[in-house]
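Student:
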Amino acid sequence: MNRGYRYLFSIITGLISIDGQANAQPPSDTTSALQAQLNGRIDSLAIQLRESQETIEQQQALIDIMLQTQASTQPSDVSTAGQLVAPQQASNLLNPNISMIGDIRGHIGRDFEPQLRAFALHEAEIGIQAPIDPYARADAFIAIRPEEGIELEETYITFQALPLGLQAKVGKFRSNFGKFNRIHIPETQFGDRPLYTEAYFGEEGLAGVGVSLSVLVPNPWVYLNLDVEATSQPEAAPAFG
Numbered sequence: 253m254n255r256g257y258r259y260l261f262s263i264i265t266g267l268i269s270i271d272g273q274a275n276a277q278p279p280s281d282t283t284s285a286l287q288a289q290l291n292g293r294i295d296s297l298a299i300q301l302r303e304s305q306e307t308i309e310q311q312q313a314l315i316d317i318m319l320q321t322q323a324s325t326q327p328s329d330v331s332t333a334g335q336l337v338a339p340q341q342a343s344n345l346l347n348p349n350i351s352m353i354g355d356i357r358g359h360i361g362r363d364f365e366p367q368l369r370a371f372a373l374h375e376a377e378i379g380i381q382a383p384i385d386p387y388a389r390a391d392a393f394i395a396i397r398p399e400e401g402i403e404l405e406e407t408y409i410t411f412q413a414l415p416l417g418l419q420a421k422v423g424k425f426r427s428n429f430g431k432f433n434r435i436h437i438p439e440t441q442f443g444d445r446p447l448y449t450e451a452y453f454g455e456e457g458l459a460g461v462g463v464s465l466s467v468l469v470p471n472p473w474v475y476l477n478l479d480v481e482a483t484s485q486p487e488a489a490p491a492f493g
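Heads up: take any position in the sequence shown, counting from 1, add 252, and you land on the numbering used here.
#1: Taking buried to mean at least 16 other C-beta atoms within 10 Å of its own C-beta, is Q458 buried or exposed?
#2: Here's a check: name, in chain order, each residue in its chain whose Cβ is nearer than 6 Å to the Cβ of L336, leaving out the five neighbours to either side.
#3: I need the boundaries of the alpha helix (DSSP H) containing F453, first residue and last residue.
#4: A285: buried (16+ other C-beta within 10 angstroms of its C-beta) or exposed?
#5: When the Cα atoms are used, what is the spatial distance from S464 to I435?
#6: Between G430 and V467, how many whole angstroms is the CB-CB distance? I'm expecting something under 8 Å.
#7: Could you check what DSSP says for E306 in three-state terms: helix, strand or coil?
#8: From R426 to G460, what distance separates their C-alpha atoms?
#9: Starting from the C-beta of I213, find all residues in its chain whose C-beta is less than 8 Å away, skip the five residues before and the five after it, and write them out in chain order.
#10: Taking buried to mean at least 16 other C-beta atoms within 10 Å of its own C-beta, is N275 buried or exposed?
#11: Mind checking whether E406 and A392 have CB atoms under 8 Å apart?
#12: Quick one: grab the DSSP three-state call for S494.
#13: What distance in whole Å lies between the Cβ atoms of I353 and P438, which are believed to be in contact at a cut-off of 8 Å?
#14: Which of helix, strand or coil does DSSP assign to Q419?
#15: Among A413, I396, Q310, which residue has its Cα nearest to the Cα of L404?
#16: Please return the same chain residues whose Cβ sits closer than 8 Å to the Cβ of G401, not counting the five positions on each side in sequence.
#17: Could you name the residues that DSSP lists as bridge partners for F432?
#18: Going by Cα to Cα distance, which pick from D316, V480, T283, V474 is closest to V422?
#19: Quick check on Y408: buried or exposed, where buried means 16 or more other Cβ atoms within 10 Å of its Cβ?
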C-alpha cells in the first residue's frame, strides 16, 4: 500500500511541475501585439471623449451668449417693427390703386343723326382706391364726359370690421338696389342701360350722399345680406320728383 501511494504522489507532483512550467512560459508575439492594439484603441477613445466633452461645453457657452443677447435686444426689435409698420401703412395711402376704363361707342348706318359720329368717347372713369388701415378703405370714382366735363361719381369710406359683423359706408355712393344700380356706365356690358333704371332713377342711377349699414346673415341655405341706407335725394331721379 505504501509503495502504491508513493507512485501516485510522484505522478501528481509531475503533473503540477509540468503545469507550472507551462504557466511560466512567456506570452507569444501575437498576444503581445493584440494587447498593444487594444491599449492604443482605448487611449484613442479616451482622447475622442475628452474632445467631444470640450466641444459640448463650447457650444453650450455659445448658446447661453446668444440667449442673453436675444433677451437684451428684444424690446428694441419690437419698437423697430412698430416703426416699420407705420410707414408701410402710410405708403398705401400715398400710393393708391389707380385704374381707368373708357366707354367708346360706334355707330354704323345711313340713317343716323348728323351730330352722331362713327366713333365717340361716351364716358371715361378713373378709380382711386386704397386701404386706410386693416379695418377701413377709401374709394373714389371720377367720371369724365366730353359734353358734361368732370364729375365725382362716388367717394366713400368703408368700415369693414364693426361689432356684430356690421359694415358701414359713409360718403357719396350708389345705393345697393337691385343688381344693376351699382354698375357704372363704362362697366356696362351693353350700349344702353335698362329702361326701368332710367325711367325711375335717371341715367346716372340711384346715388346720393349718406350712410349705409350692412350685415351678412349666416345661414346654411342662401346668401343673405341686409342693407339699411339713409341718403340725400338723388339728383335727376324722376321717381323722386
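C-beta: ideal position from N, C-alpha, C; glycine also.
Tutor: Based on what the coordinates show:
#1: Looking at the sequence itself, residue 458 is Leu, so the reference to Gln does not match. The residue is buried, with at least 16 neighbouring Cβ atoms inside 10 Å.
#2: Model confidence at L336 stands at a pLDDT of 45, short of 50, so the residue's coordinates are unreliable and nothing is read from them.
#3: Per DSSP, the continuous alpha helix (DSSP H) segment holding F453 begins and ends at 447 to 453.
#4: Around the C-beta of A285, fewer than 16 other C-beta atoms lie within 10 Å, and the residue is accordingly described as exposed.
#5: The C-alpha of I435 is placed about 17 Å away from the C-alpha of S464.
#6: About 19 Å separates the beta carbons of G430 and V467, which is beyond the 8 Å limit, so they are not a contact pair.
#7: Of the three classes helix, strand and coil, the one that applies to E306 here is helix, per DSSP.
#8: CA-to-CA, the gap between R426 and G460 works out to about 7 Å.
#9: Because the chain spans 253 through 493 in this model, residue 213 falls outside it and cannot be assessed.
#10: Only weak support exists for where N275 lies, its pLDDT of 48 falling under 50; the value from the coordinates is given anyway. When all chains shown are included, N275 counts as exposed.
#11: Yes, the pair counts as a contact, with Cβ atoms nearer than the cut-off.
#12: Examination of residue 494 is not possible in this model, given that the chain is present from 253 through 493 alone.
#13: Confirmed, Cβ separation roughly 5 Å.
#14: The answer is strand: DSSP assigns Q419 an E or B state.
#15: It is I396.
#16: Closer than 8 Å at the Cβ level, and outside the excluded window around G401, lies no residue.
#17: Bridge partners of F432: none, in fact.
#18: If we check each option's Cα against that of V422, V480 comes out closest.
#19: So Y408 counts as buried.
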